[in-house]
Amino acid sequence: MKFIVGNWKMNGNMENKEALLKSLKNLRTNNKVILCLPFTLLYGNNYGTIIGAQDISEHDNGAYTGDISGQMLKDADVKYVIVGHSERRANHNETNAIVKAKATAAIKNGIIPIICIGENATEKNSGRTMSVIKKMLLESVPAKGEYIIAYEPRWAIGSGKTPTNEEIATAFETIMKALHGIKRENVALLYGGSVNAKNAAQIASIKNVDGLLVGGASLKSDTFLPIIKSID
Ligand code: PEP
0 MKFIVGNWKM
10 NGNMENKEAL
20 LKSLKNLRTN
30 NKVILCLPFT
40 LLYGNNYGTI
50 IGAQDISEHD
60 NGAYTGDISG
70 QMLKDADVKY
80 VIVGHSERRA
90 NHNETNAIVK
100 AKATAAIKNG
110 IIPIICIGEN
120 ATEKNSGRTM
130 SVIKKMLLES
140 VPAKGEYIIA
150 YEPRWAIGSG
160 KTPTNEEIAT
170 AFETIMKALH
180 GIKRENVALL
190 YGGSVNAKNA
200 AQIASIKNVD
210 GLLVGGASLK
220 SDTFLPIIKS
230 ID
């Protein structure tokens, strides 16, 4: 069983959601499929797919206009939430400390955070990938609780580029080492960045890769379902 997590970002409407959930309902798979939707699409999951959100407030409640709390997500029956996606880190100035606070808020509400880490192109080109992901990991991950780590090189997101298998394997080994002391069954490790039906099975077979985080290709059944099927 592998995790296949779709991240719709700021895309889609009710009709699109219904269409994808219907096709997922008819799919027989051993994989655990999770769909992380925009806030407006979180309610009303009648098809059995596991639903996740794409952000959570670090606060419990109060004067935080526009934010959504862990309690609210729990109320909407959300089971997972992406935190620290590179687009939020870049566009909303989310630091490792904020990401950690958000992950902690999720865990407190019984929601499993999918904590994203990954180097940008400059960091990769200057040979700093491992030190960057190690720092992000150590500063973004709460001391206890169940969580998922998504390794998503920023330069690979939406670009059609992916790291080599060796680069992914080395990154995951670094992550495992940095998480020493954490029980393996309490953490799942995902790769994300330009996953498609052609590369999914290969990437999912790399040591320590427990699943995939899929952006663009998760929006429609004709691109998402082949990914899920390819690693069954
Ligand atoms: C993402 O944004 O999390 C992602 C993996 O995007 P894409 O698959 O489109 O590269």
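According to numbering that gives the first Met the number 0, the sequence shown is numbered sequentially starting from 0.
Here a beta-carbon is modelled for each residue, glycine too, at the ideal position from N, C-alpha and C.
These numbers come from a predicted model, not from an experiment.
Which of helix, strand or coil does DSSP assign to K31? strand
Under a Cβ-count criterion, where at least 16 other Cβ atoms within 10 Å of its own Cβ denotes burial, should N54 be classed as buried or exposed? Correcting the residue type first, residue 54 is Asp in the shown sequence and not Asn. By the 10 Å Cβ count, D54 comes out buried.
Looking at C-beta atoms only, is the number of pairs between the region 13-28 and the region 61-79 that lie closer than 8 angstroms three or more? no
Terminal residues of the alpha helix (DSSP H) in which V208 lies: Unbroken run through V208: none, as it is neither H nor E.
Straight-line CA distance for L218 to N12? 11 angstroms
Within the present structure, is the beta-carbon of E232 separated from the nearest heavy atom of the ligand PEP by less than 8 angstroms? It is not possible to answer for residue 232, since the shown part of the chain is limited to 0 through 231.
Excluding the 5 residues preceding and the 5 following E138 in the sequence, name in chain order all residues of the same chain whose CB lies nearer than 6 angstroms to its CB. N95
When you measure from the CB of I156 to every non-hydrogen atom of the ligand PEP, does any distance come out below 8 angstroms? yes
Tell me the residue span of the alpha helix (DSSP H) that contains I174. 164-177
Would you say V194 touches the ligand PEP, meaning its beta carbon is less than 8 angstroms from a heavy atom? yes
Give the straight-line distance between the Cα atoms of F2 and A187, rounded to the nearest whole angstrom. 8 angstroms
By Cβ distance below 8 angstroms, which residues in the same chain neighbour V77 in space, the five residues on each side in sequence not counted? L41, I50, G51, A52, I110
Using the Cα positions of A177 and E14, report the straight-line distance between them to the nearest angstrom. 42 angstroms
Should A149 be listed as close to the ligand PEP, given that the test is whether its C-beta is under 8 angstroms from any heavy atom? yes
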